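**Q**
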Amino acid sequence: MKELWVIGTSTYDVSRDQMFIMKAAIIWTISDFPAYGMLSGWSTHGLMGCPICMEKSDANWLKFSGKPSYFDCHRKFLPMNHRYRKDKKSFIAGRVVR
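Note that our numbering numbers the sequence shown so that position 64 is 67, with each residue one more than the last.
#1: What residues in its chain sit with their C-beta under 8 Å from that of Thr14, if we drop five residues either side in the sequence?
#2: Please report the straight-line C-alpha distance between His48 and Lys89, rounded to a whole angstrom.
#3: In three-state terms, what does DSSP make of Met25?
#4: Please classify Tyr39: does DSSP put it in a helix, a strand, or coil?
#5: Under a three-way DSSP split, which group does Trp8 fall into?
#6: Give me whichever residues DSSP pairs with Tyr15 in a beta bridge.
This is the structure we're talking about:
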């Protein structure tokens, strides 16, 4: 797609009987999360799987499963004056939740 946007491709216009350079761009897509990763070029797996947080992700590896966990990362998306934003008693990473 980047090549079609920058360089374009030679295309034949039947109505005018001539060649022209056609360029293209993706305006929007409706896709699932893995497809979003393929389109954006950002890996949606592992510790940096969040395309919004990117390198600033607060994910950590689960000890026995070896999978990333985003537990206790959701509070940073709350407004600064939200009552749960600084509530460490109710939301502590490492605590078992059933």
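Backbone N, C-alpha and C fix where the C-beta goes; we use that ideal spot for every residue, glycine too. Small disclaimer: the values here were computed from a predicted structure and weren't measured.
**A** The relevant details are as follows:
#1: These residues qualify, in order along the chain: Met22, Phe23, Ile24, Met25.
#2: The alpha-carbon separation between His48 and Lys89 amounts to approximately 28 Å.
#3: Strand, per DSSP.
#4: Three-state DSSP puts Tyr39 in a helix.
#5: Reduced to three states, the DSSP call for Trp8 is helix.
#6: Met22.
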